[in-house]
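Single-structure report; data block below.
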Amino acid sequence: MSQNTPLRVLHQRARAAMQSGNLPEAMGILQEAASRTSARESEYTPVLADLRTVLVQLGRHRAALTVDWYRADGSGEQRLLDSVPPMDKARTLQAWAERAEGNQSIDFYARAAKTYESAGLVAQAAICREKARDYAAARTLWSRLGDALSRAGGDRYAAGLARFNLSRCAKEMGDAPGARAAVVQSVHLLEEAADRYERIGQRERAFDCYQVLIAIGKQSGDFEHVLEGYVNVVRILREDNLRYYAIQSYEDALGDAEKNEEFAAGATLAQEMASYALGENMLRVANYASRLQANMWQRVASATVQRGGPTEMAENAILAAIVALARQGQFDAVGRMYAALADLDLEPSRKAHYARACTRYHGVKDAVVDAAPLAPHLRQDAAFPDVWHVDLVEWEQQGSASQACGDVVLEPESWSEVTRRRAMLARLQALEVEAQSSPDPGALVKLTELLGHVELYQILAPLERLYESPLPQLRLAVITALERFMYKRTFVTVRAALSDSDAEVRRRACSTVEALRFPHAFDPLARIFRESSDPGARTASLRAIARIDTREAAELLLGVFQHEGKAERTAAAEALKRARGGTFLEVARSEAGTLDDRVRQDLREVFQARGEML
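Using the numbering used here, the letters of the sequence shown map in sequence onto residues 249 to 862.
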């Protein structure tokens, strides 16, 4: 049927087929109509109403319920509850709980938890028990899941999350020793998981581990976990060139340090923040961080004196504050700091030295310094998802496309109508595929294509599972779909595809590598370039890196011109000629005097193509 056929006409044809009793024909036309995911809602929902009717008449109750999920049709959902598996019934009850309020919401969550547990879905049952405020039951479920994961020994990240959830429930019940024991286990497991993720190049997964460590520290009151988490979060954000996120994380860490009166740690973080911001030409933020550093050191000194601590500790803290203040020209403040040093209980010669130093700053005014935290319009939505729930749900779903898409359909607050429609279509296809013991390869490929159009992080797990197929045409479809998913996690599957047993899959993987050229993709792209033995993969990664306008990318590309072979140099040069960013040009100009004639000639060709002079 022509793609140009108006939706209204398709709907009329489908209704005619329904009236004549030709349900298969009506189904085909309605599915075609539903695929017009950009249609206006006023035209689209009547199509779905008829689609639901046909699905019910054909006995496809799970598919009909999916349509009701999209439409948030509670009465329709109610009529289908006894005709669908416990998994779908529980997810429907959970959706009702999310729509309801007060005791009604709690009742729905409790019913959903009971149904999830009957289906063997322990993590989702525990989450619903928590939301129903039944922490005793939730604790039992988290303990059961944590024990099972620990015995299996394979997924330390999931085990760590389960233990953290156990600690949260124990705290809600007032069991401090139980919460503490679970925290210790959780931290140990998450640190091991983070180390493993970093070793295998999955820093985005390690990032999640560190974010959970921050949450653990805030819940337990152990600032060392908060600090460990923030230090590593900032490191990864800096390495990924996400400077605004990095600065925001520095500021959040400093706020927690102040709240916990960990002023020495805060001063060290502020010093790092100032240095980083200065390197990123964020002068106002750098000055603000230096001011925070000086303030933190002063508070270290005051706290030391108040508790009767070692005088030398207070002295060193004030001297550190003086250094920070002097760098900003705050000499009146420097004089006051020397006066404070002279008042400490030190040996007379040192007191006299500091008193003399104080007099040198009499009448010297502070320099005017433009200092401010990160501007509000540059701050990002820092709300970190509850990965201790979200990632355990993903683990429990085991890559099920129908479940992952169902979650998207049921979140109208999070996703656009178009995205939810695409997820609905993918779920309808997934339900057909998952119902078959030996699905048709064509149906699997179609499912993969539909999943690709959803383009959400949540869909990566189903695509990863589909890639495990022995069917090369399905693996090819997965790698083709993945070029739409601009996430670092995407590279896990793409890197596997670069060494796939099928030559066509390997070639398509190279094309996908070239398409994945988002800013924080530099690290996995550089890893492919350095570690791959496939010339096609290496040149594809270079073409992608050439479109990333960061200093790290520019320095790697300049190294290619200096040290790599002709194929790599040609790939880099041709990509740079078409690139738009100016960072490579700046770096190349700054290094031009140190380069040999061959490299300078290669660079001149790039510059000339860009209308620039080396």
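From the three backbone atoms N, C-alpha and C, an ideal C-beta is built for every residue, glycine too.
Would you mind stating whether residue i and residue j have Cβ atoms separated by less than 8 Å?
| i | j | result |
| --- | --- | --- |
| Thr293 | Val657 | no |
| Leu698 | Gln677 | yes |
| Leu805 | Ala794 | yes |
| Thr696 | Ala652 | no |
| Leu764 | Phe739 | yes |
| Ala320 | Glu644 | no |
| Asp456 | Val726 | no |
| Leu719 | Pro689 | yes |
| Ala620 | Tyr536 | yes |
| Thr363 | Pro334 | yes |
| Ala380 | Trp390 | no |
| Leu409 | Leu640 | yes |
| Leu708 | Tyr492 | no |
| Arg256 | Glu291 | yes |
| Ala522 | Ser497 | no |
| Phe579 | Tyr609 | yes |
| Ala785 | Thr831 | no |
| Val460 | Phe412 | yes |
| Val482 | Asp504 | no |
| Leu567 | Ala542 | no |
| Ala821 | Asp850 | yes |
| Arg404 | Glu440 | yes |
First and last residue of the alpha helix (DSSP H) that includes residue i?
| i | result |
| --- | --- |
| Asn489 | Neither: Asn489 is in no alpha helix (DSSP H) and is coded neither H nor E. |
| Arg392 | 383 to 400 |
| Met672 | 665 to 682 |
| Leu773 | 770 to 779 |
| Glu365 | 350 to 366 |
| Tyr586 | 579 to 590 |
| Asp639 | 635 to 645 |
| His436 | 424 to 447 |
| Ser856 | Note on identity: in this sequence residue 856 is Gln, with Ser being the wrong assignment. 845 to 857 is the extent of the alpha helix (DSSP H) around Gln856. |
| Tyr524 | 511 to 527 |
| Met711 | In the sequence on display, residue 711 carries Leu and not Met. From DSSP, the alpha helix (DSSP H) with Leu711 extends over 708 to 715. |
| Arg795 | Run containing Arg795: none; DSSP gives neither H nor E here. |
| Asp748 | First-last for Asp748: undefined, no H or E at that position. |
| Pro294 | 289 to 305 |
| Phe766 | Careful: Phe766 lies outside any alpha helix (DSSP H) and carries neither H nor E. |
Considering only C-alpha positions, which residue in the set the options is nearest to residue i?
| i | options | result |
| --- | --- | --- |
| Leu397 | Ser391, Trp390, Ala407 | Ala407 |
| Ala674 | Ala371, Ser686, Leu692, Ser662 | Leu692 |
| Val431 | Ala745, Arg416, Met861 | Arg416 |
| Glu289 | Thr728, Thr787, Val666, Phe471 | Val666 |
| Tyr318 | Glu659, Phe733, Ala802 | Glu659 |
| Arg858 | Arg377, Ala615, Arg828, Met561 | Arg828 |
| Gln342 | Glu803, Ser331, Glu378 | Glu378 |
| Asn252 | Ala287, Glu812, Ala574 | Ala287 |
| Leu517 | Asn529, Ala534, Val681 | Ala534 |
| Gly654 | Gly422, Asn270, Ser366, Ala311 | Ala311 |
| Glu682 | Ser662, Ala345, Arg713 | Arg713 |
| Ala565 | Leu461, Gly556, Ala549, Leu573 | Ala549 |
| Pro687 | Ser717, Gln706, Ser662 | Ser717 |
| Pro254 | Tyr602, Gly269, Arg284 | Arg284 |
| Val479 | Ile448, Ser331, Ile495 | Ile495 |
| His637 | Pro272, Leu393, Arg359, Leu306 | Leu393 |
| Arg399 | Leu437, Asp423, Ala429, Pro425 | Leu437 |
| Ala569 | Ser597, Arg555, Leu540 | Leu540 |
| Gly813 | Arg347, Arg799, Phe777, Asp488 | Phe777 |
Note down, in chain order, each residue of its chain lying with its Cβ closer than 7 Å to the Cβ of residue i, except the 5 sequence neighbours on either side.
| i | result |
| --- | --- |
| Glu420 | Tyr383 |
| Cys606 | Gly583, Tyr586, Ala587, Ala590 |
| Asn508 | Phe471 |
| Leu722 | Pro689, Leu692, Val693, Thr696, Leu714 |
| Ile354 | Ala380, Arg381 |
| Leu526 | Ala534 |
| Ser434 | Gly408, Arg411, Phe412, Ser415, Ile464 |
| Arg775 | Gly449 |
Given residue i, which residues of its chain have a CB within under 8 Å of its CB, disregarding the five upstream and five downstream residues?
| i | result |
| --- | --- |
| Asp298 | His259, Ala262, Arg263, Met266, Ala274, Leu278 |
| Leu296 | Ala282, Val315, Tyr318, Arg319 |
| Phe855 | Leu833, Ala836, Met861, Leu862 |
| Glu446 | Ala454 |
Counting only C-beta atoms, is residue i closer than 8 Å to chain C at any point?
| i | result |
| --- | --- |
| Met275 | No chain C is part of this structure, which consists of one protein chain only. |
With a threshold of 6 Å on Cβ separation, who are the neighbours of residue i within its own chain once the five nearest residues in sequence on each side are excluded?
| i | result |
| --- | --- |
| His701 | Arg670 |
| Ala427 | Ser415, Ala418, Lys419 |
| Asp797 | Gly829, Thr831 |
| Ala385 | Arg377 |
| Leu773 | Ser789, Ala792, Ile793 |
| Ala361 | Ala373, Cys376, Arg377 |
Taking 7 Å as the cut-off, does the CB of residue i come closer than this to any heavy atom belonging to the ligand PLP?
| i | result |
| --- | --- |
| Asp382 | With respect to small molecules bound, the structure shown includes none, and the ligand PLP cannot be examined in it. |
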